[in-house]
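J.: Below you will find the structure I want to go over with you.
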Amino acid sequence: MTTLPDRPRTALLVIDVQNGVMDGSHNRDDVIANINALIGKARTEDVPVVWVQHSSDELKRGSESWDYVPELVRRDAEPLVHKTYLDSFEDTELESVLAEHGVGRLVVTGAQTDACIRSTLHGALVRGYDVTLVGDAHTTEDLTAYGAPAPEQVIAHTNLYWRWQSAPGRRGGTVDTAEVTFAAEHAG
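Residues in the sequence shown are numbered consecutively from 13, following the numbering used here.
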């Protein structure tokens, strides 16, 4: 249903699964295992895997905290998009990378649920993409000390409201890792 013309393909987005982001994140190991399973499936089906990597004062480019977790290995041919804003599209080359690959549908994984994941979901939908969130392949840290709900509640709420997200000619959706399909007519 994407509103982007001539964009029949689906891509897997792996957002900010970096050491400094994942350290202390809820259900870290299971989330990483699910992302790894999706990467393997995408590669087998010749689906583009697009990596997004955040830089900030806390995630200085080239530092250990900035590096992707060692359990996930990016192939040289897989695009890597560097960002400094929460929305992976904002002031990055993500749109041109997706256009080059004919992508109009995204399957989204990564961290953090209440920051870069949410911002990218909405950023993609308003730009014309269909966007499927993988409900058991995103996570966040515990920010209850700052008044936020517990991480499992943040994740559950995001999965709930994204399940029925839509806009004219576009749709959201939430599925678990086992339900992900990269076929254009299903895209999740």
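C-beta: ideal position from N, C-alpha, C; glycine also.
Here the structure is a predicted model, which means the values were calculated and not measured.
#1: Let me confirm a value: residue 108 is counted as buried when at least 16 other C-beta atoms fall within 10 Å, else exposed. Which label applies?
#2: How big is the Cα-Cα spacing for residue 92 and residue 85?
#3: Expressed to the nearest angstrom, what Euclidean distance is found between the alpha-carbon atoms of residue 112 and residue 157?
#4: Tell me whether residue 158 sits in a helix, a strand or coil according to DSSP, three-state version.
#5: State the beta-bridge partners of residue 174 as determined by DSSP.
#6: Can you have a look at residue 201 and say buried or exposed, based on whether 16 or more other CB atoms are within 10 angstroms of its CB?
#7: Going by other Cβ atoms of all chains shown within 10 Å of its Cβ, with 16 needed for buried, is residue 166 buried or exposed?
T.: With the structure as the only source:
#1: Exposed, because fewer than 16 other Cβ atoms sit within 10 Å of the Cβ of residue 108.
#2: Roughly 12 Å separates the two Cα atoms.
#3: CA-to-CA, the gap between residue 112 and residue 157 works out to about 43 Å.
#4: Under the three-state reduction of DSSP, residue 158 is assigned to helix.
#5: For residue 174, which the question treats as bridged, DSSP gives no partner whatsoever.
#6: Given a span of 13 to 200 for the chain in the structure shown, any question on residue 201 remains unanswerable.
#7: Residue 166 is buried by the Cβ-count criterion.
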